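In the working numbering, the protein residues as written are 70 to 262.
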């Protein structure tokens, strides 16, 4: 497993492009695994702070329960409505989520997320996790998640990265360029027409 900072150090230009793709949109999607092993997609928000990938969850939310049971996740950056030459690319990260319970760390991360969200369930304009997955196992999530409220303590997760993928168009804009980074293989480039 790698920290986000490991990606930045190994491939700074690639990491910068991925971070910009993620930061371009507030809302992302996160895939987790339900108790029965089937996949779940939930809305989320994430931030890169202090060389780490962070995301959170409202207390008791189904995605938090999923991650506490099985930490594997995949996060897909937001996508816009733009098409053609305006398309900047598509970013994805996969790895394992580690819950952070140290109150000092939580306070620092949530504080860095943005003071404009103090007292809200959210953690900033690119805060942590919101969405409704309509699941039948008791979980409907809503509102932004993340900012620490003593009455409703939030979950905070640090993402350990297994894989980072950035998909863009080639220079001719008639094919895909898929760049895949893993800690063991480094950066690989795959082109598809």
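Glycine included, C-beta positions come from ideal geometry on N, C-alpha and C. Remember, predicted model here, so these are calculated numbers, not experimental data.
Can you tell me the Cα-Cα spacing of residue i and residue j, whole angstroms?
{"i": "residue 167", "j": "residue 226", "result": "5 Å"}
{"i": "residue 262", "j": "residue 109", "result": "31 Å"}
{"i": "residue 100", "j": "residue 255", "result": "24 Å"}
{"i": "residue 113", "j": "residue 78", "result": "26 Å"}
{"i": "residue 59", "j": "residue 177", "result": "Outside the modelled stretch of the chain, which goes from 70 to 262, sits residue 59, for which no answer is possible."}
{"i": "residue 179", "j": "residue 94", "result": "19 Å"}
{"i": "residue 142", "j": "residue 258", "result": "23 Å"}
{"i": "residue 228", "j": "residue 124", "result": "8 Å"}
By DSSP, does residue i sit in helix, in strand, or in coil?
{"i": "residue 254", "result": "coil"}
{"i": "residue 178", "result": "helix"}
{"i": "residue 123", "result": "strand"}
{"i": "residue 142", "result": "strand"}
{"i": "residue 88", "result": "helix"}
{"i": "residue 83", "result": "helix"}
{"i": "residue 160", "result": "strand"}
{"i": "residue 215", "result": "Confidence at residue 215 is low in this model, with a pLDDT of 41, below 50, so the placement of that residue is unreliable and no value is reported for it."}
{"i": "residue 109", "result": "strand"}
{"i": "residue 133", "result": "helix"}
{"i": "residue 169", "result": "coil"}
{"i": "residue 75", "result": "helix"}
{"i": "residue 200", "result": "A caution first: residue 200 carries a pLDDT of 33, below 50, which makes its placement in the model unreliable, though a value can still be read off. Correct three-state label for residue 200: coil."}
{"i": "residue 94", "result": "coil"}
{"i": "residue 240", "result": "coil"}
{"i": "residue 101", "result": "strand"}
{"i": "residue 223", "result": "coil"}
{"i": "residue 228", "result": "strand"}
{"i": "residue 114", "result": "coil"}
Please state if the CB of residue j and the CB of residue i are separated by a distance shorter than 7 Å.
{"i": "residue 159", "j": "residue 236", "result": "yes"}
{"i": "residue 246", "j": "residue 260", "result": "yes"}
{"i": "residue 132", "j": "residue 111", "result": "yes"}
{"i": "residue 222", "j": "residue 128", "result": "yes"}
{"i": "residue 173", "j": "residue 118", "result": "no"}
{"i": "residue 144", "j": "residue 97", "result": "yes"}
Might you give, ordered along the chain, the residues of its own chain that have their beta carbon closer than 6 Å to the beta carbon of residue i, omitting 5 neighbours on each side?
{"i": "residue 91", "result": "146, 160"}
{"i": "residue 241", "result": "none"}
{"i": "residue 104", "result": "none"}
Residues in the same chain with beta-carbon distance under 8 Å from residue i, minus the five sequence neighbours each way, listed in chain order, please.
{"i": "residue 230", "result": "70, 71, 72, 73, 75, 76, 122, 162, 163, 164, 252"}
{"i": "residue 244", "result": "238, 260, 261, 262"}
Who are the Cβ neighbours of residue i in its own chain at under 7 Å, not counting the five residues just before and after it?
{"i": "residue 233", "result": "76, 87, 162, 250"}
{"i": "residue 156", "result": "238"}
Do residue i and the ligand ZN come close, with the Cβ less than 6 Å from some heavy atom?
{"i": "residue 124", "result": "Looking at this structure, you won't find the ligand ZN or any other ligand, since it has none at all."}
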